[in-house]
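Novice:
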Amino acid sequence: MTDYNFWQDLFDTYQSLSDWLKILWLIVPPAFVLGLVALTLRFRIESRRVERRFDGELVYSIHRDAGNQLHVISHVRQAGDNPPLLFLDQGDREAFDYTDHPSSSSSG
Numbered sequence: 717m718t719d720y721n722f723w724q725d726l727f728d729t730y731q732s733l734s735d736w737l738k739i740l741w742l743i744v745p746p747a748f749v750l751g752l753v754a755l756t757l758r759f760r761i762e763s764r765r766v767e768r769r770f771d772g773e774l775v776y777s778i779h780r781d782a783g784n785q786l787h788v789i790s791h792v793r794q795a796g797d798n799p800p801l802l803f804l805d806q807g808d809r810e811a812f813d814y815t816d817h818p819s820s821s822s823s824g
């Protein structure tokens, strides 16, 4: 076992392969490395484009109380008939009465 040489065994095995497998041995490792470099560079470029902070204003926040109930808190004053929450399936508009919301009433 002392006269075993890994590189000699590897090259002997490579020489005994068919031509198609030799071509694959030459193409696949560099293609893998190039693909890995391309993915890494794309990730770095895209991550630098994304800003780390949000522009705009805080509109809603969600608070969980001790009773495990969720409360949606609006941080902006609603104007006119704008509802404090936007429901995806509102169905009949008369089923939702938004006039009782304190921030939607106008004082004048």
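For the sequence shown, my numbering begins at 717 and goes up steadily by one.
Cβ atoms here follow ideal geometry from the backbone N, Cα and C, with glycine treated the same way.
What's the C-alpha gap between D735 and V749?
Specialist: Reading the sequence shown from its first residue, position 19 is the one you call residue 735. Reading the sequence shown from its first residue, position 33 is the one you call residue 749. C-alpha separation (whole angstroms): 22 Å.
Novice: Compute the Euclidean distance between the alpha carbons of L737 and G772, then round it to the nearest angstrom.
Specialist: Counting from 1 along the sequence shown, the entry for residue 737 is found at position 21. Counting from 1 along the sequence shown, the entry for residue 772 is found at position 56. Approximately 57 Å, taken between the alpha carbons.
Novice: Who does V788 pair with in a DSSP beta bridge?
Specialist: Numbered from 1 along the sequence shown, position 72 holds the residue referred to as residue 788. Partner(s): I778.
Novice: Is L733 helix, strand or coil when you go by DSSP?
Specialist: Reading the sequence shown from its first residue, position 17 is the one you call residue 733. Coil.
Novice: Among the candidates S790, N784, L726, whose CA atom is the shortest distance from the CA of S862?
Specialist: Since the displayed the chain opens at 717 and closes at 824, residue 862 lies outside it and no answer follows.
Novice: What three-state label does DSSP hand E773 in the structure shown?
Specialist: The count along the sequence shown starts at 1 and reaches residue 773 at position 57. Note: E773 maps to coil in three-state DSSP.
Novice: Leaving aside the five residues before and after V792 along the sequence, list all residues of the same chain whose C-beta is less than 6 Å from its C-beta, in chain order.
Specialist: Residue mapping note: residue 792 aligns to position 76 of the sequence shown, counting from 1. Contacts found: V775.
Novice: In whole angstroms, give me the CA-to-CA distance for E762 and P745.
Specialist: Reading the sequence shown from its first residue, position 46 is the one you call residue 762. Reading the sequence shown from its first residue, position 29 is the one you call residue 745. Between E762 and P745, the C-alpha separation is close to 26 Å.
Novice: Please work out which residues of its chain come closer than 8 Å, Cβ to Cβ, to P786, disregarding the five sequence neighbours upstream and downstream, and give them in chain order.
Specialist: Position 70 of the sequence shown, counting from 1, holds the residue named residue 786. With the sequence shown as reference, residue 786 is identified as Leu, and Pro is not the correct amino acid for it. So the list reads I778, H779, R780, once near-sequence residues are dropped.
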